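Undergrad: I'd like to ask you about the structure that follows.
Numbering (my numbering), first residue to last: 9 to 228.
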């Protein structure tokens, strides 16, 4: 929708903003308060909630992202990169959106921090039933976690399906400047060498189980 379409359909922009939470790339750059709890309270206070109500929302949001009360009084600037990002995500969650959109949520994080953030996002989806949209150029980020994968190319939808369906087109993805998860290339290399494993394996765990099954069969 463009702006005219939204108003023509009678959409309430203020109401829409209250339902959709957006976490920008490097959201920790937006942290500015003296302590974690005060920072997470900022959004709910702007929604018109009292200090007490904002505090309750902030505490629930911090719990959802795995940060307990020992973090409340800490300066957000003294936290690790992954912890800062959790605080930033909590600041959006405290406004209780129905849909959470995250732009490149693992950008700039080391592998451990990346896994922690993605696991926490997955936990939010499972525990709260929240619709979560990840915007990412990293197929490693999405392979394990998402139910539906939409690939955009020059503003047009190129593929739309489950990760297994989309990663079958790994050569086309490469042509668009996107690499499939590394395990996809390992699986296809093994198949080319005559090892009978499925081509739709998109996670390390799936590939491990398939290889072990072939190994056990060959031992009989």
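Note that the Cβ used here is the ideal one computed from N, Cα and C, for glycine as well.
This one's a predicted model, so the numbers in the text were calculated from it and none came from an experiment.
Determine the burial state of residue 36: buried for a count of at least 16 other Cβ atoms within 10 Å of its Cβ, exposed for fewer.
TA: Residue 36 is buried by the Cβ-count criterion.
Undergrad: List the whole-angstrom C-beta distance separating residue 186 from residue 159, where the pair is believed to meet the contact cut-off of C-beta under 8 Å.
TA: Contact holds; Cβ gap of about 7 Å.
Undergrad: Under DSSP, the alpha helix (DSSP H) around residue 89 begins and ends at which residues?
TA: Here the alpha helix (DSSP H) through residue 89 covers 89-101.
Undergrad: Select from 204, 171 and 146 the residue whose C-alpha is nearest the C-alpha of residue 156.
TA: Of 204, 171 and 146, the residue nearest in Cα terms is 171.
Undergrad: Sorted by chain position, which residues of the same chain lie with C-beta nearer than 6 Å to residue 139's C-beta, five sequence neighbours on each side aside?
TA: Cβ neighbours of residue 139 beyond the five flanking positions: 107.
Undergrad: Which residue wins for smallest C-alpha separation from residue 104, given the options 197, 52 and 220?
TA: The shortest C-alpha separation from residue 104 is found at 52.
Undergrad: In angstroms, rounded to a whole number, what distance separates the CA positions of residue 6 and residue 100?
TA: Outside the shown range of the chain, which is 9 to 228, sits residue 6, and nothing can be said about it.
Undergrad: Please classify residue 119 as buried or exposed, where buried requires at least 16 other C-beta atoms within 10 Å of its C-beta.
TA: Residue 119 is exposed by the Cβ-count criterion.
Undergrad: If you count every other CB in all the chains shown that lies within 10 Å of the CB of residue 48, and 16 or more means buried, which is it?
TA: Buried is the call here.
Undergrad: Report all residues from its chain with a CB closer than 7 Å to the CB of residue 46; omit the five preceding and five following residues, and keep chain order.
TA: Excluding sequence neighbours, residue 46 sits near nothing in its chain.
Undergrad: Got a sec? Which residues, its chain only, sit under 8 Å from residue 59 by beta carbon, not counting five neighbours each side?
TA: 49 and 53, listed in sequence order.
Undergrad: Any idea which residues DSSP pairs residue 167 with across the strands?
TA: Paired residue(s): 159.
Undergrad: Along the beta strand (DSSP E) that carries residue 108, what are the first and last residues, could you check?
TA: Note, residue 108: beta strand (DSSP E), 107-111.
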